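First up is the structure itself, then whatever we jot down about it.
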């Protein structure tokens, strides 16, 4: 392809411009940025090829995906951000007491305490820590409690947002999680402070969270979690 | 990643695109053609959001104004401006082009309230030749969320049209040049100006104003502009949070254009630092369940040390951290690290502590982490391993951990420590493109070949060679300075020294006693001067105050960038005593008193605002016993400097950045030899005043 050739040439010229040496104290940010640009260019070319040429291989059905994941025999969390159009199946990278940390292939992590999100890393605007309710607390509608989110704010200074929260039980619902349906109690957590509010949704099966939609930070917004394989 | 189905992962991988741009910032005030907060050509009572750093280009017919502005605090802002008048010889023969540099200061004395307007007092071009000088008081009131009305009173240029009298007496001509023109301020004819700003929608704004600037210099004297009307109007377009464009009808005859790049040093463009998550802290088995794991007998094993060091080095290499030394007992480990990449000291410490939790046997309870800068231990951060384990997932873990750690003097390297044979001696080199600017649109690009040879901790041989590839600088002029030409031949060094040996030095850094650090640098220190430079610094790790002394003996180098000293036959002993003070909230002050390169004696005062992410904007002024006349047009040495870190723009972990120092006029007075890696800045990052502002990144 002429375009991909051009992208490669441009990347090579730019790579020369950003310099060379054996001083490997860190990756050259310019090189990484250019690398990412070049990759994007190549990806676009590939996408065009696919459009014009053979139809892309048919996507696997949810049931087929579930089959593949179950065969692997490891816990899986499906994470998706609707606003950003990103979805991924995550495996466990650390489990300590009631906290489980899930890691994406490119190194972002989500830590949950019994399914309630308490930390993220590698997203940019991360949730650094949180004072969050337990599942038991979520299942007690009407009682109010405090929730605190801790972030790195302006110039990486520690900041916090404190909310007063209450839950309501919406009711029993049947939810579909990658080709299998589960019966769960839908609980809504409404958290308010003078400057705004946050609404988290949980679908609780027994005493564990099967599915949830939880707020991460101002810039990231809400993320959907589904526990696909226990 | 633990899933077996790789194709599945590839097709559904969660990208780093999960991070998103910050929300559009609400602008407190907009910028005018002069790069100052205001209307079109007139100022207003508004201020920018705290810490806003902006780059503006305004075109008024044949006049171009390029301005850097910084909102130094919520109320105080400053600007540095390059102004060019083309067709300067239209009426009076002479140069075709006139250039001028000017500095402004603005202070918002009153913030806008429910009834009270915002009121700002400004000094424009308050130290220069006076071609752009004026003073003003401007008030701005917002009505609803769309309309702003401004009214003000100006003196100087802003009092030159429609005057109402001279309330504070006549305005004398500027004399001497380059010093604050305090005799002129608010003197002479005063004239009112006014304007409106109407926000049509989120992107578009209409502005209209009545200008009190008669453009006497451009219209009456030089015939560059026909000023037919005092009324200006036009539209501005805001594109995202960082750029704004304006097009205006000016003075009934000219078209004006403006472009602004508006940056917020406090918020990364990427919304937060990206980069992979850290490894989790490794939990030790409970002592009751597995008492054998806590047995300290492993310390007697001969091969334990090298294995531990190697395992640690392997883990930390992923974060760009090198292990200089490892020393341990059954209960304590001290690791000396060199952080090559992570921009926050606290994050480098957190990553090291996490790695130690994986590597060290369970009996080791105390982690001592010593960041090493130029071979010197900068400080010692002591973390209890059980705190690290207990707080990993606790709410507000950053503050809780900070309360439980200690930051102390690094002390000497433990005698029984294990160094890394691969780190010393070590040769490193790089070839990189460089942009050297003398003003925003003038300078050269070239290649810099740099090499460093780390002989032993604290002993460094290094040098660099620069070759120009392209330049748009004017040919070197002849300096008319009556002082020794220690700086004013700079353009000759640029022109004749191509390629040039910029630096070739041998440096020795040491930490001879508690709180005391030293440096000796010998060789070709900078492109104009070579010799010996010695420095001693006293700085306790948790002190806001630091004291230093420096003594240099230098000879002036030839302009050809070679090794010779034949051209000038100039050598001098210079020296300073310095006090550094951290005022908190990122404001750093420094006072140096001593003898400067031209043999002049005086003092330099500087104030910088530094941000945890590496942004830095500051101003400095040096007054010496050189008379304003001998110094030249500038009167005395002064200027601004700034550094923009790449990590702020790209979100990636990197310690590099782009920096610039700008002076309205350069002279030979108040000049100081440039030496790499002076002590204060290199150590501050790992002292409490450098670690604490972004301490939260210890868990990042």
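Residue numbers (my numbering), protein chains in the order written: chain Y, 8 to 237; chain A, -16 to 683.
For each residue, glycine too, the CB sits at the ideal point set by N, CA and C.
Model, not experiment: these values are computed from the prediction.
Check whether the Cβ atoms of residue 235(Y) and residue 211(Y) sit closer than 8 Å, and answer yes or no. no
Interface positions of the segment 372 to 403 of chain A facing chain Y (Cβ-Cβ less than 8 Å), listed along the chain: 375, 376, 377, 378, 379, 380, 381, 382
Could you please tell me which residues of the segment 107 to 121 of chain Y, in chain order, have their CB closer than 8 Å to any CB of chain A? 108, 110, 111, 112, 113, 114, 115, 116, 118, 120
Using CA coordinates, which residue listed in 545(A), 141(A), 113(A), 206(A) is at the minimum distance from residue 121(A)? 141(A)
Three or more C-beta pairs under 8 Å: does that hold for the segment 249 to 260 of chain A against the segment 42 to 52 of chain A? no
In angstroms with no decimal places, state the Cα-to-Cα distance between residue 673(A) and residue 270(A). 37 Å
Find the residues of chain Y that neighbour residue 367(A), judging by a C-beta separation of less than 9 Å, and give them in chain order. Under the 9 Å cutoff, chain Y gives no residues; its nearest Cβ is about 18 Å from residue 367(A).
Three-state secondary structure assigned by DSSP to residue 294(A): helix
Using only CA atoms, which one of 157(Y), 224(Y), 220(Y) lies nearest to residue 381(A)? 157(Y)
If you follow the alpha helix (DSSP H) that residue 395(A) is part of, which residue opens it and which one closes it? Unbroken run through residue 395(A): none, as it is neither H nor E.
Taking buried to mean at least 16 other C-beta atoms within 10 Å of its own C-beta, is residue 219(Y) buried or exposed? buried
Who does residue 302(A) pair with in a DSSP beta bridge? Residue 302(A) pairs with nothing; no bridge assigned.
Status (buried if at least 16 other CB within 10 Å, exposed otherwise) for residue 202(Y): exposed
Using a threshold of 8 Å, state whether the C-beta atoms of residue 30(A) and residue 91(A) are closer than that. yes
Quick check on DSSP: helix, strand or coil for residue 563(A)? strand
On the three-state DSSP scale, how would you describe residue 685(A)? The structure shown does not extend to residue 685(A), since chain A spans only -16 to 683, so no value can be given for it.
Would residue 132(A) count as contacting chain Y if we go by Cβ distances under 8 Å? no
Boundaries (first-last residue) of the beta strand (DSSP E) holding residue 341(A): Taken as a continuous stretch (DSSP letters only), residue 341(A) belongs to no beta strand (DSSP E), being part of the alpha helix (DSSP H) at 328 to 342.
Which value, in whole angstroms, describes the spacing of the CA atoms of residue 123(A) and residue 215(A)? 18 Å
First through last residue of the alpha helix (DSSP H) which encompasses residue 79(Y): 69 to 79
Contact check, residue 89(Y) vs residue 231(Y), beta carbons under 8 Å: yes
Roughly how many angstroms lie between the CA atoms of residue 558(A) and residue 534(A), to the nearest whole one? 4 Å
Backbone secondary structure at residue 144(Y) - three-state DSSP: helix
Reduced DSSP category for residue 201(A) - H, G, I as helix; E, B as strand; rest coil: helix
Give me whichever residues DSSP pairs with residue 308(A) in a beta bridge. 319(A), 402(A)
Write down every uninterrupted run of the beta strand (DSSP E) in the segment 526 to 581 of chain A whose length is 3 residues or greater and which is fully enclosed by it, in chain order. 528 to 539, 554 to 567, 570 to 578
With 16 as the cutoff for other CB atoms within 10 Å, does residue 127(A) come out buried or exposed? exposed
Selection of the segment 235 to 264 of chain A by Cβ proximity to chain Y, strictly under 9 Å: 247, 248, 249, 250, 251, 253, 254, 255, 256, 257, 258, 259, 260, 261, 262, 263, 264
Of the residues 611(A), 566(A), 580(A), 278(A), the one placed nearest residue 589(A), counting alpha carbons only: 566(A)
Determine the extent of the alpha helix (DSSP H) in which residue 667(A) is found, giving its start and end residues. 662 to 667
What's the C-alpha gap between residue 146(Y) and residue 226(Y)? 29 Å
Throw me the rounded Cβ distance for the residue 644(A) and residue 624(A) pair, which I believe falls under 8 Å. 4 Å
Please classify residue 682(A) as buried or exposed, where buried requires at least 16 other C-beta atoms within 10 Å of its C-beta. buried
Under 7 Å Cβ-Cβ, which residues of chain A neighbour residue 152(Y)? None at all; the shortest Cβ gap to chain A is about 13 Å.
Given that a residue counts as buried once 16 or more other Cβ atoms are within 10 Å of its Cβ, and exposed if not, what is residue 684(A)? Within the shown structure, residues of chain A are numbered from -16 to 683, placing residue 684(A) beyond reach of any answer.
Could you please give me the residues that DSSP links to residue 215(Y) through a beta bridge? 212(Y)
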